[in-house]
Amino acid sequence: MIALTVSPPIRRAFPLLRSEGSCRLCGAEEGYLIGERDRKGRPLRTILCAGCTLIRTDPLPSPDEERRFYEGLYRERYKGGSRTRRRHCIRETLNALRRHERLSCLLFPGIRMLDVGCGPGFFPFVLAMAGYPCSGIEPDPACVRFAREELGLSSVRRGRVEELDEREAYDLITLHHVLEHLCDPLLALTVLRRALKPGGRLVLEVPTLADPRKPWPQAFHRAHLFWWDEATLRLAAARSGFTLRRSTIEPDTGHLAAELVAAEVPGSPALPSPEPLLERLASTASHAPARKKAALRRSSLRVGEFFASLRPVSRRRLCERLCALHLARD
Ligand SMILES: [Zn+2]
């Protein structure tokens, strides 16, 4: 039944197969094969769900495998080790400043905020510098140590999404480049919904294949289990007690940013059809190289000069200087 909704040329390009587990969003057990290698050429099967179009790694890791990975291995393999270098401090502070600008219209005095998967704590640090204290949770103990000891953030603690409880009552939760890493994203969103006050907001950012400028066949990554677009985010929001208020592809980075509101009565959006997305993937299979380090290159600061001009200072002082330069522009 599902297979008949897709034309024969598209089915030849992306064969329909039975997946190793059912879709975490719609429960379908069939998917279109869109990738067999990761960005480094290693075997990694990626499928587009025939039921709802959510793109995922197949098979997905177990919750135990996911937990072990993010308590240490992730930063070793993908972030160049657990030590947070000065260059990383600059890049992540600039990213945090960009995110602060994007959500500044949602901030108000006394707001209760939480950054989930906060890493070494740069986003809570920037918010604190701007006058809005923000808590953070992060599973990696080395990151939590950096946030607490080097950035002075006593409000960052070790923890996982599933450990939040509904008595926390936040006005705003942020989730930057986390949702794509979680093996049960619907469970995570449901927990986050319960930890928000009625009408509270969830602001998230994820990588996406929805940006037509991206060379998507080279995008696949062992740590990115899911690839979202507006349609699948809308569906996930509705199924976890949210309404998708708005979403946009960030012009500088090509990432998908979205604002979800804790809903009294969640909607029930229709399942998106796979054909338009598969057609677009077929037509954009080879494109220009990815735009790397966009945040650095496009920053209004001349980062190289800024970096070179610094005398040795602590990493906290480095981040403070960067914040002072940016926040003073407002
Ligand atoms: Zn699905």
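Read in order, the letters of the sequence shown correspond to residues 64 to 393 in my numbering.
All C-beta atoms in this analysis are idealised placements derived from N, C-alpha and C, irrespective of residue type, glycine included.
- Around residue 176, the same chain offers 197 and 235 as residues with beta carbons nearer than 6 Å, after the five sequence neighbours per side are excluded.
- Rounded to whole angstroms, the Cβ separation of residue 117 and residue 295 is 4 Å, and the two are in contact under 8 Å.
- In the same chain as residue 184, and ignoring 5 residues on each side of it, the C-beta atoms closer than 6 Å to its own belong to 199, 210, 214, 216 and 219, in chain order.
- Residue state for residue 269 is assigned as strand, using DSSP reduced to three classes.
- A direct Cα-to-Cα measurement between residue 195 and residue 186 gives close to 11 Å.
- Rounded to the nearest angstrom, the gap between the Cα atoms of residue 158 and residue 278 is 22 Å.
- Beta-bridge partners assigned by DSSP to residue 217: none are found.
- When rounded, the separation of the alpha-carbon atoms in residue 76 and residue 273 is 19 Å.
- Fully contained in the segment 148-208 are the following alpha helix (DSSP H) runs of length 4 or more, in chain order: 149-166, 185-192 and 204-208.
- Distance from the CA of residue 151 to the CA of residue 74, rounded to the nearest whole angstrom, comes to 43 Å.
- If you check the C-beta of residue 114 against ligand 1, you find a heavy atom less than 7 Å away.
- The Cβ-Cβ distance between residue 243 and residue 221 does not fall below 8 Å.
- Here residue 279 carries a helix assignment [DSSP, helix/strand/coil].
- Relative to ligand 1, the nearest heavy atom lies less than 7 Å away from the CB of residue 86.
- Beta-bridge partners of residue 112 (DSSP): 94.
- When Cβ pairs closer than 8 Å are counted between the two stretches, the segment 256-273 is seen to touch the segment 224-231, the count reaching three or more.
- Within the segment 309-353, the complete alpha helix (DSSP H) segments of 4 residues or longer fall at 337-346, listed in chain order.
- Exclusion of residue 301 from the 7 Å shell around ligand 1 follows from its C-beta lying no nearer than that to any non-hydrogen atom of the ligand.
- Remark: the C-beta of residue 117 is in contact range of ligand 1, defined as less than 7 Å to any heavy atom.
- Of all C-beta pairs linking the segment 328-336 to the segment 297-311, three or more are shorter than 8 Å, placing the two stretches in contact.
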